[in-house]
Amino acid sequence: MMCGLEIHVQLATESKLFCSCPTNYQSAPANTNICPTCLNQPGAKPYPPNQTALDSAIKVALMLGCEISTDTVYFQRKHYDYPDLSSGYQRTSVPVGHHGELNGVRILEVHVEEDPGQYKPDLGTVDFNRSGIALIEIVTEPDMKSPEEARNFLNELIRVLNYSGSARGEGTMRADVNISIEGGKRAEVKNVNSIRGAYKVLKFELIRQKNVLRRGQTVQQETRAYLESQMITVPMRLKEDADDYRYIPDPDLPPLKFDPEHVKEIKEKMPEPAHLKTERFVEEYGILHDDAKVLTSELELADAFEEVCKKIKPEDAATWMRDELKRVLNYNKLAYSESGISTDNIIEILNLINDKKITPEAAHKLVEKMPNNSKTPTEIGKEMDVIGVADDDLIQKVVIQVIDENPEAVADYNEGKGNALNYLVGQVMRLTRGKANAKQANNMLKEQLDK
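Here the sequence shown is numbered in this note's numbering, starting from 1254 and rising by one per residue.
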């Protein structure tokens, strides 16, 4: 299998690419964020390109390891006839950046273009609020050899876009998925709007094209549509070549040159890309690659980890933040930046564990109360009565009590039922309010039961 992707993502700008209309198209009534320019009415001319959009495209291209074009950059008219395109052409730039790489996949080019409107064939309506919003298009080489590789690449790309702060993210992503097998002709599946969808498209197309070849037929070069409800692709039209779009330079827009000093300034201010930060965490902090990837899933979480490492051993911070902190964030469907948990909170709870003022089991419950809580971990722990660690004598006393009060579980243990011991350990933890060390309680129970 050979797979290449053309990924379109909206850029996070307040106004459109060639006019001053707002970009909040999802919350505005249909066909209200429009003007003669973004509707391409006769006599209406585009403004010069949105500076924020161009800077954002440069930033994303740099974060993907691209070389920024030193040639003249101009916008072209890409002609095709569709109801959501009032002018009959789409303005798209020549490459802003080229020859990048991400996750082992070569980036052919990055360029800027305008979004068309939203056409609903089932209703026969078009909403032009989206028309003219700035897009970035990222075109890859056909380097992905499996649906899994494509999914991994897209997940990594979303991390880069999120780090950039310049794109609207996966919710606005639309991918054109190109796939061929055994060197045959390629099919292009248009406007796949999720990573899961791209994965399903590739799984389906892989089987479909294999079956075509198995029957002794030839795979056609064609454009196909993805029917998400049925998770299949269906033919739309024979695949266009570039000549079919009749590209011409847009005479209404001036050619551009990127000032090297301005590009350098963008590069110096942009955040370290997620994939490079992951590798640096492994090398600099000596943590596992899987831990580093989780910690760099959000820029704010990665920054918090580095701050915590100034006071806590990196391996301790990485393990706890990946397991306990992420568990609570995921359960509450919160990003770290939305959680209200500060680096001071994290350092405090890890110090409580390391100083044996609280058991890991008690910390497990305490951290669940931390999101958007104005109190410190110590204050929360005192309210929950989990501060303090039970000594050996207290644990031994509770172990004997638990054995006496649970004869059925003891009988199950004596019959070799392993879950019985886990139940008894849980009772010890309950009676000590999590102040007993679970491993120590387990050992004491076994010792007492095996007498």
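For every residue, glycine included, the Cβ atom is placed at its ideal position computed from N, Cα and C.
Does the Cβ-Cβ distance between H1617 and E1577 come in under 8 angstroms? For the purposes of this step, residue 1617 is taken as residue 364 along the sequence shown, with counting starting at 1. For the purposes of this step, residue 1577 is taken as residue 324 along the sequence shown, with counting starting at 1. Cβ atoms of H1617 and E1577: closer than 8 angstroms.
Cα-Cα separation, N1286 to Q1279: The residue you call residue 1286 lines up with position 33 of the sequence shown. The residue you call residue 1279 lines up with position 26 of the sequence shown. The alpha-carbon atoms of N1286 and Q1279 are separated by roughly 10 angstroms.
Using a Cβ-Cβ cutoff of less than 8 angstroms, which residues in the same chain neighbour V1561 once the five nearest sequence positions on both sides are dropped? As a first step, residue 1561 must be located in the sequence shown, where it is residue number 308. So the list reads A1570, M1574, T1596, I1599, I1600, L1603, once near-sequence residues are dropped.
Can you tell me which of the three DSSP states S1199 falls into? Given that the chain is displayed from residue 1254 to residue 1704, the structure contains no residue 1199 and the question cannot be resolved.
If you measure between the beta carbons of A1420 and K1269, is that distance less than 8 angstroms? As a position in the sequence shown, residue 1420 is number 167, starting the count at 1. As a position in the sequence shown, residue 1269 is number 16, starting the count at 1. Taking 8 angstroms as the cut-off, the Cβ atoms of A1420 and K1269 do not count as close.
Expressed to the nearest angstrom, what Euclidean distance is found between the alpha-carbon atoms of K1312 and T1486? The residue given as residue 1312 occupies position 59 in the sequence shown. The residue given as residue 1486 occupies position 233 in the sequence shown. Computed Cα separation, rounded: 34 angstroms.
Excluding five sequence neighbours on each side, which residues of the same chain lie with their C-beta closer than 8 angstroms to the C-beta of P1369? Taking the first residue of the sequence shown as position 1, residue 1369 is located at position 116. Answer for P1369: Y1335, D1337, L1338, Q1343, R1383, S1384, listed in chain order.
Secondary structure at L1264, three-state DSSP: helix, strand or coil? For the purposes of this step, residue 1264 is taken as the residue at position 11 of the sequence shown. DSSP places L1264 in strand when its eight states are reduced to three.
Please classify K1520 as buried or exposed, where buried requires at least 16 neighbouring CB atoms within 10 angstroms. Here residue 1520 is taken as the residue at index 267 of the sequence shown, counted from 1. Exposed, since its Cβ has fewer than 16 Cβ neighbours within 10 Å.
Which whole-angstrom value describes the C-beta separation of Y1498 and H1332, a residue pair presumed to lie in contact below a C-beta threshold of 8 angstroms? On the sequence shown, residue 1498 is found 245 positions in, with the first residue counted as 1. On the sequence shown, residue 1332 is found 79 positions in, with the first residue counted as 1. Going by Cβ atoms, the distance from Y1498 to H1332 rounds to 6 angstroms, so yes, they are a contact pair.
Are three or more beta carbon pairs between the region 1315–1325 and the region 1299–1307 nearer than 8 angstroms? no
Can you pull the DSSP bridge partners for Q1343? Here residue 1343 refers to the residue found at position 90 when the sequence shown is read from its first residue. Looking at the DSSP assignment, Q1343 forms a beta bridge with K1331.
So which of I1448, I1321, P1513, D1375 has the shortest CA-CA distance to N1405? Here residue 1405 refers to the residue found at position 152 when the sequence shown is read from its first residue. Out of I1448, I1321, P1513, D1375, I1448 has the C-alpha closest to the C-alpha of N1405.
Where do the N-terminal and C-terminal ends of the beta strand (DSSP E) with V1620 fall, by residue? The residue labelled residue 1620 in the question sits at position 367 within the sequence shown. That residue, V1620, is in no beta strand (DSSP E); it is neither H nor E in DSSP.
Out of N1696, Q1654, A1664, point me to the one whose CA is closest to R1683's CA. Along the sequence shown, one-based indexing puts residue 1683 at 430. The shortest C-alpha separation from R1683 is found at Q1654.
Residue-level contact to chain C via CB, E1668, 8 angstroms cutoff: Among the chains of the structure shown, chain C does not appear; only one protein chain is present.
Do you know whose CA, among S1550, V1454, M1397, G1353, lies nearest E1481's CA? Mapped onto the sequence shown, residue 1481 falls at position 228. Closest option to E1481, Cα to Cα, is V1454.
In whole angstroms, give me the CA-to-CA distance for A1403 and A1428. What you label residue 1403 is simply residue 150 of the sequence shown in a count that begins at 1. What you label residue 1428 is simply residue 175 of the sequence shown in a count that begins at 1. If I take the Cα positions, the gap works out to 11 angstroms.
Within 10 angstroms of the Cβ of L1410, are there 16 or more other Cβ atoms? Answer buried if so, exposed if not. Here residue 1410 refers to the residue found at position 157 of the sequence shown. Buried, by the Cβ-count rule.
Using the Cβ count rule (16 or more neighbours within 10 Å means buried), how would you classify T1393? The count along the sequence shown starts at 1 and reaches residue 1393 at position 140. Buried is the call here.
List the DSSP bridge partners of K1762. Because the chain spans 1254 through 1704 in this model, residue 1762 falls outside it and cannot be assessed.
When the distance is taken between beta carbons, is T1471 closer than 8 angstroms to M1489? Reading the sequence shown from its first residue, position 236 is the one you call residue 1489. Reading the sequence shown from its first residue, position 218 is the one you call residue 1471. Result no, Cβ atoms of M1489 and T1471 do not sit closer than 8 angstroms.
CB-CB under 8 angstroms to L1605, same chain, minus the five flanking residues each way: which ones, in chain order? Residue numbering aside, residue 1605 sits at position 352 when the sequence shown is read from its first letter. So the qualifying residues of the chain are I1611, A1616, P1630, T1631, G1634, I1640.
Measuring only the C-alpha atoms, how far is M1623 from K1510? Working through the sequence shown from its first residue, we reach residue 1623 at position 370. Working through the sequence shown from its first residue, we reach residue 1510 at position 257. Distance between the alpha carbons of M1623 and K1510: 51 angstroms.
Let me know the alpha helix (DSSP H) ranges lying completely inside the region 1265–1312, each 4 residues or longer, listed in chain order. none
Distance check for P1508 and N1293, CA to CA, integer angstroms please. Along the sequence shown, one-based indexing puts residue 1293 at 40. Along the sequence shown, one-based indexing puts residue 1508 at 255. Those two C-alpha atoms are separated by around 20 angstroms.
Same chain, Cβ closer than 6 angstroms to Y1452, five either side skipped, listed in chain order: To locate residue 1452, count along the sequence shown from 1; it is residue 199. So the qualifying residues of the chain are P1400, R1404.
With a threshold of 16 other CB atoms inside 10 Å of the CB of Q1263, please say whether the residue is buried or exposed. Taking the first residue of the sequence shown as 1, we reach residue 1263 at position 10. Q1263 should be labelled buried.
Just to confirm the assignment: which complete alpha helix (DSSP H) runs, minimum length 4, are found wholly within the region 1476–1551? 1513–1522, 1527–1538, 1542–1548
Own chain partners of P1289 with C-beta closer than 7 angstroms, once the 5 adjacent residues on each side are dropped: The sequence position of residue 1289 within the sequence shown is 36, counting from 1. Answer for P1289: A1297, listed in chain order.
Using 8 angstroms as the threshold, is the C-beta distance between L1258 and Y1416 below it? Residue 1258 sits at position 5 when you count from the first residue of the sequence shown. Residue 1416 sits at position 163 when you count from the first residue of the sequence shown. No, Cβ-Cβ distance for L1258 and Y1416 is not below 8 angstroms.
Could you tell me which uninterrupted alpha helix (DSSP H) segments, each at least 4 residues in length, are contained entirely in the region 1391–1434, listed from first to last along the chain? 1400–1417
Closest Cα partner of G1593 within the set I1565, E1621, S1627, V1581: Residue numbering aside, residue 1593 sits at position 340 when the sequence shown is read from its first letter. The residue with the shortest Cα to Cα distance from G1593 is S1627.
With a cut-off of 8 angstroms on the beta carbons, I'd call T1685 and V1663 a contact; round off their distance for me. As a first step, residue 1685 must be located in the sequence shown, where it is residue number 432. As a first step, residue 1663 must be located in the sequence shown, where it is residue number 410. At roughly 19 angstroms, the Cβ-Cβ gap does not stay under 8 angstroms, so T1685 and V1663 are not in contact.
Per DSSP, H1351 forms a beta bridge with which residues? Position 98 of the sequence shown, counted from the first residue, corresponds to residue 1351. DSSP lists E1320, E1362 as partners of H1351.
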